[in-house]
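Protein chains in written order, with my numbering: chain A, 1 to 159; chain B, 1001 to 1159; chain C, 2001 to 2159.
Ideal Cβ positions, reconstructed from N, Cα and C, are used throughout, including at glycine.
Since the structure is predicted, the reported quantities are computational estimates derived from the model, not experimental observations.
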């Protein structure tokens, strides 16, 4: 077991505000020299999507999911007060006003701090997401790898 | 303190997808030889409901809750993209297509792996749920018992 | 490191039922002699709002957030079956019927048990909440302080 403290976060949620909380905690923990893993599963995978048109062959249900789900962090909605997309604009305005970081910026910072960003392969299959659609330089794994990290974790959260 | 690793999950959510995540992590941990407890509270209790008509005397509010809440794992909705019940059908279709496990199958597997399934007695009272309505072979306990398990836990999650 | 067990909860959610779960676990842990911290962030800050009219100078967006968000624990909605505010009334009715504790009572109990109630200063800024609007005798801190508590925690939850 390493001497380093360890933080793991399961990011299940596809909400902008919840993903912000996850990445703020993760970046904080990395700054305090924790080894940090964010395991993206279900709707949390959307935070890793690229905002690009890609020609990928998919079945019907996979296409529907692909269309309906937000294409990347910047397109995600709020868990509360979403107001058909107006809420996220409000949040982004106050973020700018207070010189805080947007979600895409927090994700970039996480990459710079060598936070391990993992995409859950099982739920990628379910939602029909392909590796080409997700950010480069992330890892792909299943629940076993997550548990391997979490069982030695000091801080383990499900968000 | 036992030598075995321990995982505890508070399942608060009554959403099909969140309960799936909880049971996938729990089954994974049990396969890795963790002692696993899932403590079902509030809407998470619905995952334990039997899909049967039962004649039980209840007060008015308890009847309303009983009618409005999903009767068992198979009836639960999604936390995102529920689309008035169409979302769960889509998810169940892709689960079948990918030979993954449905929520009722995951619960059955949990029982076979001796995962401790606990129903929170205090919130059963609040929501008017009776033991006859819930799966057999589960345990009944309060927050004290949960904390007893969690304080020695390696992985503790709230879902 | 102290000998005492430690429980930390990030209360992100602004839902009455989720906040109840957080405060029930927190009060239980304190009764079992844990050191307990509840770190209120994003919508969870609303649990700490006073139900008073205050004259505070705010920008436009801050005013909108202030108006739209519930003013204190008693005004919060349910995560499920909210029914435009009827759900919380049902829950409060069954709480009374079963002699259980309402959320404001649980918060009072937490204060009496010396649970550390912390408001996240960064998200206070984002949502435009001022110290005058929140309960007295709480602490103000950022993610670093939370991590300091959580990294020695036995039970760390995100709710």
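Which chain C residues are close to residue i, counting only those with a beta carbon under 7 Å from its beta carbon?
{"i": "residue 1042 (chain B)", "result": "2017, 2021"}
Which same chain residues end up closer than 7 Å to residue i when comparing Cβ atoms and leaving out the 5 residues on each side of it in sequence?
{"i": "residue 1015 (chain B)", "result": "1076, 1077, 1078, 1079"}
{"i": "residue 1073 (chain B)", "result": "1019, 1047, 1103, 1104, 1107"}
{"i": "residue 2137 (chain C)", "result": "2111"}
{"i": "residue 1049 (chain B)", "result": "1071, 1072, 1133, 1134"}
{"i": "residue 23 (chain A)", "result": "103, 106, 107, 110"}
Need the endpoints of the alpha helix (DSSP H) that residue i sits in, please.
{"i": "residue 1029 (chain B)", "result": "1016 to 1031"}
{"i": "residue 1121 (chain B)", "result": "1121 to 1127"}
{"i": "residue 1158 (chain B)", "result": "Careful: residue 1158 (chain B) lies outside any alpha helix (DSSP H), inside the beta strand (DSSP E) at 1155 to 1158."}
{"i": "residue 1138 (chain B)", "result": "Counting along the chain, residue 1138 (chain B) falls outside any alpha helix (DSSP H), and DSSP gives it neither H nor E."}
{"i": "residue 1091 (chain B)", "result": "1086 to 1097"}
{"i": "residue 1039 (chain B)", "result": "Careful: residue 1039 (chain B) lies outside any alpha helix (DSSP H), inside the beta strand (DSSP E) at 1035 to 1040."}
{"i": "residue 1060 (chain B)", "result": "1060 to 1068"}
{"i": "residue 1108 (chain B)", "result": "1103 to 1112"}
Suppose you measure from the CA of residue i to the CA of residue j; what does that come to, to the nearest Å?
{"i": "residue 140 (chain A)", "j": "residue 149 (chain A)", "result": "14 Å"}
{"i": "residue 2159 (chain C)", "j": "residue 2021 (chain C)", "result": "8 Å"}
{"i": "residue 142 (chain A)", "j": "residue 120 (chain A)", "result": "5 Å"}
{"i": "residue 126 (chain A)", "j": "residue 2132 (chain C)", "result": "48 Å"}
{"i": "residue 13 (chain A)", "j": "residue 70 (chain A)", "result": "12 Å"}
{"i": "residue 2003 (chain C)", "j": "residue 1153 (chain B)", "result": "17 Å"}
{"i": "residue 1146 (chain B)", "j": "residue 1011 (chain B)", "result": "12 Å"}
{"i": "residue 2044 (chain C)", "j": "residue 2025 (chain C)", "result": "15 Å"}
{"i": "residue 82 (chain A)", "j": "residue 88 (chain A)", "result": "6 Å"}
{"i": "residue 1116 (chain B)", "j": "residue 1122 (chain B)", "result": "18 Å"}
{"i": "residue 34 (chain A)", "j": "residue 2096 (chain C)", "result": "45 Å"}
{"i": "residue 1029 (chain B)", "j": "residue 2005 (chain C)", "result": "24 Å"}
{"i": "residue 85 (chain A)", "j": "residue 101 (chain A)", "result": "19 Å"}
{"i": "residue 2054 (chain C)", "j": "residue 2068 (chain C)", "result": "15 Å"}
{"i": "residue 161 (chain A)", "j": "residue 2036 (chain C)", "result": "Lying before the first or after the last residue shown, residue 161 (chain A) is absent from chain A, which here runs from 1 to 159."}
{"i": "residue 40 (chain A)", "j": "residue 1093 (chain B)", "result": "22 Å"}
{"i": "residue 2098 (chain C)", "j": "residue 98 (chain A)", "result": "45 Å"}
{"i": "residue 157 (chain A)", "j": "residue 1157 (chain B)", "result": "6 Å"}
{"i": "residue 2007 (chain C)", "j": "residue 144 (chain A)", "result": "26 Å"}
Less than 8 Å between C-beta atoms, sequence neighbours within five positions excluded: which residues of the same chain meet that for residue i?
{"i": "residue 2128 (chain C)", "result": "2058, 2059, 2061, 2062, 2063, 2065, 2066"}
{"i": "residue 1001 (chain B)", "result": "Since pLDDT at residue 1001 (chain B) reaches only 49, below the 50 mark, its modelled position is unreliable, and no value is offered."}
{"i": "residue 31 (chain A)", "result": "113"}
{"i": "residue 1091 (chain B)", "result": "1016, 1017, 1078"}
So which residues on chain A does residue i lean against when the C-beta distance must stay under 8 Å?
{"i": "residue 1156 (chain B)", "result": "156"}
{"i": "residue 1110 (chain B)", "result": "Residues of chain A passing the Cβ test: none, with the nearest at roughly 14 Å."}
{"i": "residue 1024 (chain B)", "result": "122, 143"}
So which residues on chain A does residue i lean against when the C-beta distance must stay under 7 Å?
{"i": "residue 2151 (chain C)", "result": "5, 154, 155"}
Residue range of the beta strand (DSSP E) that residue i falls in?
{"i": "residue 2009 (chain C)", "result": "2006 to 2011"}
Quick one: which chain A residues come within Cβ less than 9 Å of residue i?
{"i": "residue 1148 (chain B)", "result": "In chain order: nothing, as chain A lies at least about 19 Å away."}
{"i": "residue 2144 (chain C)", "result": "28, 31, 32"}
Kindly list, in the order they appear in chain B, the residues whose Cβ is closer than 9 Å to that of residue i.
{"i": "residue 2159 (chain C)", "result": "1010, 1012, 1158"}
Might you give, ordered along the chain, the residues of its own chain that have their beta carbon closer than 6 Å to the beta carbon of residue i, omitting 5 neighbours on each side?
{"i": "residue 2056 (chain C)", "result": "2130"}
{"i": "residue 1042 (chain B)", "result": "1012, 1123"}
{"i": "residue 17 (chain A)", "result": "78, 79"}
{"i": "residue 38 (chain A)", "result": "9, 11, 26, 117"}
{"i": "residue 2051 (chain C)", "result": "2071, 2072"}
Along chain B, in chain order, which residues have C-beta atoms closer than 8 Å to that of residue i?
{"i": "residue 36 (chain A)", "result": "Per Cβ cutoff of 8 Å: no residues; residue 36 (chain A) is ~16 Å from chain B at best."}
Residues of the stretch 2059 to 2080 of chain C with a CB closer than 9 Å to any CB of chain A: list them in chain order, please.
2059, 2061, 2062, 2064, 2065, 2068, 2069
Selection of the stretch 1086 to 1108 of chain B by Cβ proximity to chain A, strictly under 8 Å:
1090, 1091, 1093, 1094, 1095, 1097, 1098, 1100
Taking a Cβ distance cut-off of 8 Å, strictly less, list which residues of the stretch 1112 to 1130 of chain B are near chain C, in chain order.
1122, 1125, 1126, 1127, 1128
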